[in-house]
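*Asks:*
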């Protein structure tokens, strides 16, 4: 293939799985190594898989990093909408009558604003909370990426009240080290939803960035209760919790080269 034009060779290499490109193809010769370490091949693979447009606007310094981050761009919370009851949620505090899972829209409620969400968790007349700890390395985010690139971690949660009852809601998220030291933290105010509200679903979002080296876990916790102390489930409703490290081009680090992936990309 030494006689092939570079553009044609890039087209051929782009059809090869990313793992083989990094672990095998870049070892074939200097030309292939330069192509695998360069931008053009990975821009094409990003376009093929819909990670960027035909005329990419992202100013990524390392398109290989952008590609691998985009492959991992997914919700890290398990069972975010209650489809599996309370499975995967820990440190569950069941105040009043405890947590309950209901089908949308629920009594005196509204449908969720996007497709694919069919259930929600609802709280009772005393404080209910639940949490989930996410191991970033187990989810495919390797230590060099977390310590050097420090991709933004965007945390989103959705909450709503019943239109006939007031309620309280709070979100608390921490980035933890290997030894569970708190490196960064976000705690919302206790949000009060009045009685006779519109029952609209509201998204609360926070972005962690420049949090320093050592982040290994995300601890996500939310909860609430009603304000009328009615027996049953008249408290805040939550669903579609969504911590997700995105692939932001502005934070991609040109010092992250192919060798950094060689023992990590097997999960891609």
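Numbering (UniProt numbering), first residue to last: 1 to 268. Backbone N, C-alpha and C fix where the C-beta goes; we use that ideal spot for every residue, glycine too.
Ends of the alpha helix (DSSP H) at residue 43?
*Replies:* 39-48
*Asks:* Using beta-carbon positions only, say whether residue 117 and residue 244 come within less than 8 Å of one another.
*Replies:* no
*Asks:* Where in the segment 131-213 do unbroken runs of the beta strand (DSSP E), each at least 3 residues long, occur, reported from the N-terminal end onward?
*Replies:* 153-160, 167-176, 182-187, 191-193 and 202-208
*Asks:* Alpha carbon to alpha carbon, how far is residue 224 from residue 51? Give it in angstroms, no decimals.
*Replies:* Distance from the CA atom of residue 51 to the CA atom of residue 224, rounded to whole angstroms, is 37 Å.
*Asks:* Taking all protein chains shown into account, decide if residue 241 is buried (16 or more other Cβ within 10 angstroms of its Cβ) or exposed.
*Replies:* buried
*Asks:* Once the 5 residues before and after residue 231 are set aside, which same chain residues still bring their CB inside 7 Å of it?
*Replies:* 97 and 125
*Asks:* For a test of the three-state rule: what should DSSP assign to residue 234, helix, strand or coil?
*Replies:* coil
*Asks:* Could you compute how far the alpha carbon of residue 66 sits from the alpha carbon of residue 47?
*Replies:* Distance between the alpha carbons of residue 66 and residue 47 is about 12 Å.
*Asks:* Determine whether the beta carbon atoms of residue 74 and residue 222 lie at a separation below 8 Å.
*Replies:* One thing to note: residue 74 has its Cβ no nearer than 8 Å to the Cβ of residue 222.
*Asks:* If we ignore side chains and look at the alpha-carbon of each, how far apart do residue 163 and residue 39 end up?
*Replies:* 52 Å
*Asks:* Using the C-alpha atoms, what's the distance from residue 226 back to residue 247?
*Replies:* Because residue 247 sits at a pLDDT of 45, beneath the cut-off of 50, its placement in the model cannot be relied upon, and the following sentence gives the value as read from the coordinates. Cα to Cα, the separation comes out at about 38 Å.
*Asks:* For residue 119, which of helix, strand or coil comes out of DSSP?
*Replies:* strand
*Asks:* Under 8 Å, do residue 201 and residue 80 count as touching if we go by C-beta distance?
*Replies:* no
*Asks:* What are the partner residues of residue 243, as DSSP defines its beta bridges?
*Replies:* 155
*Asks:* In whole angstroms, what separates the C-alpha of residue 181 from that of residue 217?
*Replies:* 10 Å
*Asks:* Using CA atoms only, rank isn't needed, just tell me which of 100, 20 and 9 is closest to residue 86.
*Replies:* 100
*Asks:* Between residue 13 and residue 41, which are expected to be in contact by the criterion C-beta below 8 Å, what is the C-beta distance as a whole number of angstroms?
*Replies:* 6 Å
*Asks:* Is it true that the CB of residue 84 sits closer than 8 Å to the CB of residue 127?
*Replies:* no
*Asks:* Alpha carbon to alpha carbon, what distance is there between residue 62 and residue 171?
*Replies:* Each residue's alpha carbon lies about 34 Å from the other.
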